Amino acid sequence: MFSDAPRYTFGVVLNRLWEYNDEEDVGTFTVTNSSQINAFSLHEFAWERKSFLATEDSVELSVKSRGLHGLPGNFELSLATFATPDHGPMTPHLMHTENSTQIDLVLDTVQTNDSFPQPRFAIEVVLVAMEPKKDNYTVVVKKSLDDEFTPGIFKIVNVASPASVNASSGGYLQYRPVSYTDEDRDVSTSTQTYQSSPATPNNAIKKLNNTVFRSIFGDSVETMLVQSLNVSFGTSGDGFYTKYNYTTWTFVVGYGAPLPDKLSLFVVVVATIGLGVPILLLCCGGCYVCVKRVRNNS
């Protein structure tokens with residue numbers, strides 16, 4: 253229990269892992285036939301610590317699991333916090349602050365259901381905020397002309413609570429819509445992710461059972477803003493999960509307003525040179541023409 257009641261609380265729960273048969277090869281998790289879907293609760297996974305590293309600038313914790321009966325494989329979750337605002341060291345190099353945590357999920361050599369010839373995975377994310385339950389989370393997809401930090405990806409997805417949108421004092425989830433099919437994360441091993449719209453569950457208490465939120469706040473979670481969404485991994489024509497047997501998803505959870513992506517000094521210098529040199533040549537050329545005309549007239 254807290255010594256003082258918290259003024260604000262926000263967080264996410266990775267609730268269930270969906271395995272589904274993408275018969276139409278659309279990528280999105282829109283399957284309605286229950287026989288083509290398997291659900292696995294991440295609460296039932298047995299996790300053990302893989303590594304822990306603490307420095308003056310960051311703290312990183314990685315845990316791993318062998319999965320469940322019916323879904324064996326190698327699952328890994330990595331959490332990292334940082335002391336200063338910057339891009340993360342791991343691709344897709346998301347922006348972080350002192351008030352955010354980066355989370356990376358890896359599904360490696362997972363044995364899929366034999367009856368699913370075109371298997372994909374999706375994850376159910378539950379967002380919880382100490383805000384009025386009648387409100388809704390806002391999803392904004394922003395586009396950029398710069399893909400320096402995440403080559404080939406020109407979008408960033410922000411899922412923000414009302415307080416984050418209106419007063420920059422709420423919580424948010426931010427990620428690039430990309431998943432990687434190999435440990436070597438680059439353009440050649442990238443595929444897309446898709447997200448459903450946030451929806452309010454029928455029973456928030458049941459949804460948050462056996463979580464830290466329920467342990468701390470008890471039945472009062474029923475009064476909080478609780479909504480869930482699904483993020484699926486893969487896109488049409490990428491060969492499904494079994495082609496590479498490897499999938500990742502990286503996202504940041506933070507307090508305040510979602511951070512805009514900043515241009516690096518290198519990009520600023522290149523852009524300045526690219527724009528400045530032609531303008532300088534144009535000005536010099538104009539001055540030369542003017543001087544020559546004046547001399548000719550005199």
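Heads up: the sequence shown is residues 253 to 550, going by the numbering used here.
Using N, Cα and C, we set each Cβ at its ideal position, and we do this for glycine too.
Note that the coordinates shown come from a computational prediction; the quantities given were computed from them, not determined experimentally.
| Check | Outcome |
| --- | --- |
| Counting Cβ pairs, one atom from each stretch, are 3 or more of them under 8 Å apart for the stretch 366-378 and the stretch 464-482? | yes |
| What does a CB cutoff of less than 6 Å around Lys407 pick up in its chain, not counting 5 residues either side in sequence? | Val393, Lys395, Pro429 |
| Identify the residues that DSSP records as bridge partners of Leu323: which are they? | Leu320 |
| Note down, in chain order, each residue of its chain lying with its Cβ closer than 7 Å to the Cβ of Gln370, except the 5 sequence neighbours on either side. | Asn273, Asp274, Glu275, Asp277, Phe492 |
| Which first and last residues belong to the beta strand (DSSP E) in which Arg437 is found? | No beta strand (DSSP E) holds Arg437; DSSP gives it neither H nor E. |
| Determine the direct distance from the alpha carbon of Thr433 to that of Val473, and round the result to whole angstroms. | 37 Å |
| At which residues does the alpha helix (DSSP H) containing Val464 begin and terminate? | 464-469 |
| Would a check of beta-carbon distances place Val504 closer than 8 Å to chain B? | No chain B appears in the structure shown, which is made up of a single protein chain. |
| Could you check where the beta strand (DSSP E) with Lys394 kicks off and where it finishes? | 390-395 |
| For the stretch 318-329 and the stretch 354-368, state whether three or more C-beta atom pairs, one from each stretch, are separated by less than 8 Å. | yes |
| Looking at Gln426 and Phe503, is the spacing between their C-beta atoms short of 8 Å? | yes |
| Helix, strand or coil for Tyr432? Go by DSSP, reduced to three states. | strand |
| Go through its chain and collect everything with a Cβ distance to Ala298's Cβ below 8 Å, but skip five positions before and after it. | Ser317, Arg318 |
| Here's a check: name, in chain order, each residue in its chain whose Cβ is nearer than 6 Å to the Cβ of Ala257, leaving out the five neighbours to either side. | none |
| If Leu357 and Thr500 are in contact, beta carbons under 8 Å, what's the gap, nearest whole angstrom? | 7 Å |
| For the putative contact between Ser314 and Ser293, defined by C-beta atoms under 8 Å, what is the C-beta separation to the nearest angstrom? | Between Ser293 and Ser314 the Cβ distance is about 21 Å, and since that is not below 8 Å, they are no contact. |
| Along the chain, where does the beta strand (DSSP E) that runs through Pro371 open and close? | 371-381 |
| Would you mind reading off the limits of the beta strand (DSSP E) that contains Val478? | 477-485 |
| Classify Val505: buried if its beta carbon has 16 or more other beta carbons within 10 angstroms, exposed otherwise. | buried |
| Specify the secondary structure class of Leu313 as computed by DSSP and reduced to three states. | strand |
| Which word fits Thr280, buried or exposed, when buried means at least 16 other C-beta atoms lie within 10 angstroms of its C-beta? | buried |
| Per DSSP, Gln426 forms a beta bridge with which residues? | Asn410, Val504 |
| Within 10 Å of its beta-carbon, does Thr402 have 16 or more other beta-carbons around it, so buried, or fewer, so exposed? | buried |
| Residues in the same chain with beta-carbon distance under 8 Å from Ala335, minus the five sequence neighbours each way, listed in chain order, please. | Glu308, Asp309, Ser310, Glu350 |
| Please state the DSSP three-state secondary structure of Thr494. | helix |
| Starting from Lys302, trace the beta strand (DSSP E) in both directions and tell me its first and last residue. | 300-306 |
| Taking all protein chains shown into account, decide if Ala412 is buried (16 or more other Cβ within 10 angstroms of its Cβ) or exposed. | buried |
| Taking a contact to mean a Cβ-Cβ separation below 8 Å, would you say Leu511 touches Met347 in this structure? | yes |
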